[in-house]
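Heads up: the sequence shown runs through residues 9 to 94, numbered per the numbering used here.
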Amino acid sequence: MEGYLAKGFKAVKIKIGRDNLQEDLDRIKAVREFIGPDVTFMVDANYSMTVEKAIKAIEGFKEHNITWFEEPIIPDNYKGFGGNCR
């Protein structure tokens, strides 16, 4: 990641979705500390979460200024997407 930042990249995205949400949040915190506040930061869960876990994740993201949370739940879970929007 350091090499990309040195080349002038202004955004990073990492994969998340471990069984233990706290491990993801710890990793997100470490990345944010490394890249600083001015780099756009996105995460991709690859459909690995339940609605409940995605909501908890969103709460945990707040202090790390996550710009984009990609694919938290499977796309056919229409009720779940509605719940996440609320």
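Even for Gly, the Cβ is constructed at its ideal location relative to N, Cα and C.
Within 7 Å: the Cβ of residue i and any heavy atom of the ligand PLP?
i, result
"ASP27", "The ligand PLP is absent from the structure shown, which contains no ligands of any kind."
Any idea if residue i is buried or exposed, counting beta-carbon neighbours within 10 angstroms, 16 or more meaning buried?
i, result
"PHE17", "exposed"
"ILE82", "exposed"
"ILE24", "buried"
"MET57", "buried"
"ALA62", "buried"
"ALA14", "exposed"
Would DSSP call residue i helix, strand or coil?
i, result
"GLU98", "Residue coverage of the chain in this structure runs from 9 to 94, which leaves residue 98 outside it and unanswerable."
"ASP32", "helix"
"PHE42", "helix"
"ALA53", "coil"
"VAL47", "coil"
Taking just the CA atoms, how far does residue j sit from residue i?
i, j, result
"LYS78", "GLN30", "A small fix is needed here, since residue 78 is Glu in this sequence, not Lys. Distance between the alpha carbons of GLU78 and GLN30: 18 Å."
"PRO45", "ASN73", "8 Å"
"GLU10", "PHE49", "14 Å"
Which whole-angstrom value describes the C-beta separation of residue i and residue j, a residue pair presumed to lie in contact below a C-beta threshold of 8 Å?
i, j, result
"VAL20", "ILE43", "6 Å"
Contact between the region 68 to 83 and the region 27 to 42: three or more CB pairs below 8 Å?
Yes, since at least three Cβ pairs between the region 68 to 83 and the region 27 to 42 fall closer than 8 Å, the two stretches touch.
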